[in-house]
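**Q** Following the numbering used here, the numbering of the sequence shown begins with 274 at its first residue and continues without gaps.
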Amino acid sequence: MRLMPMRYFFFIASALFVILVGCEPKEKKEEDLAIRSHANLIEGLAFLERNASRPDVATTASGLQYRIIKVGDGSIPSDDSTVEVHYVGRFLDGREFDSSIKRGIPAQFGVKQVITGWTEALKMMPEGSKWELFIPANLAYGSVGQGPIGPNATLVFEVELLNANIH
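(1) Given this structure, state the Cα-to-Cα distance separating Arg-323 from Ile-388, to the nearest angstrom.
(2) Does DSSP put Ala-406 in a helix, a strand or coil?
(3) Can you confirm whether the region 424–438 touches the region 349–366 when touching is taken to mean that 3 or more C-beta pairs between the two stretches lie within less than 8 Å?
(4) When you compare only the Cα positions, how much space is there between Ser-416 and Asn-425?
(5) By the 10 Å Cβ neighbour count, where 16 or more other Cβ atoms means buried, how is Lys-302 classified, buried or exposed?
(6) Buried or exposed: where does Ile-342 fall if 16 or more other Cβ atoms within 10 Å of its Cβ makes it buried?
(7) For a test of the three-state rule: what should DSSP assign to Asn-438, helix, strand or coil?
(8) So if DSSP puts Thr-332 in a beta bridge, which residue, or which two residues, is it bridged to?
(9) Using the rule of at least 16 other Cβ atoms within 10 Å of the residue's Cβ for burial, across every protein chain shown, is Val-268 buried or exposed?
(10) So what's Arg-275 in DSSP terms, helix, strand or just coil?
(11) What's the call for Gln-338, buried or exposed, on a 16-neighbour Cβ count within 10 Å?
(12) Considering just the uninterrupted stretch of the alpha helix (DSSP H) at Gly-390, what are its terminal residues?
(13) Give a yes or no on whether the C-beta atoms belonging to Leu-428 and Gly-390 are separated by under 9 Å.
(14) DSSP three-state call for Leu-314: helix, strand or coil?
Structure follows, in structure tokens:
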């Protein structure tokens, strides 16, 4: 009986090693993601429950929470409006993940081209208003997340509506 040459043995052994080792990190990543997703959901629900008891915070039927910092007196955007805003986005621990202010340029977009929580809030905000939004995961990026935003993350935004109807 002829033995397999040593180079074939090393090739097959290396391939098996790569396959076996390559599978573990993916499974570990999925497990870590599931744990993070669950932790974000629990943390968000607890935060929103505490936050809802604040006298300066309103909660809508969808679960969106907001605090009015400044009341504007301009027009209120509709679904068809294109708006201009300055905003800062933060995680519940206060870490900032996005800011039009730091970029030095207000953001412009259609009211329905953003996350559901923003759309709902913008359609209640008079131009010139500044609100703090507390957006549950289901009105933000849900169980998927986006970029630095993890799955099931509740988000906090400070939004100033500069222009309610850009043409």
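Every residue, glycine too, gets a C-beta built ideally from N, C-alpha and C.
Here the structure is a predicted model, which is why all the values come from computation and not from measurement.
**A** Looking at the coordinates:
(1) 23 Å
(2) In the sequence under discussion, the amino acid at residue 406 is Leu, which differs from the Ala named in the question. Correct three-state label for Leu-406: strand.
(3) yes
(4) 5 Å
(5) exposed
(6) exposed
(7) coil
(8) Gln-338
(9) Within the shown structure, residues of the chain are numbered from 274 to 440, placing residue 268 beyond reach of any answer.
(10) Because Arg-275 carries a pLDDT of 49, less than 50, the predicted location of this residue cannot be relied on, and the following value inherits that uncertainty. Reduced to three states, the DSSP call for Arg-275 is coil.
(11) buried
(12) 389–395
(13) yes
(14) helix
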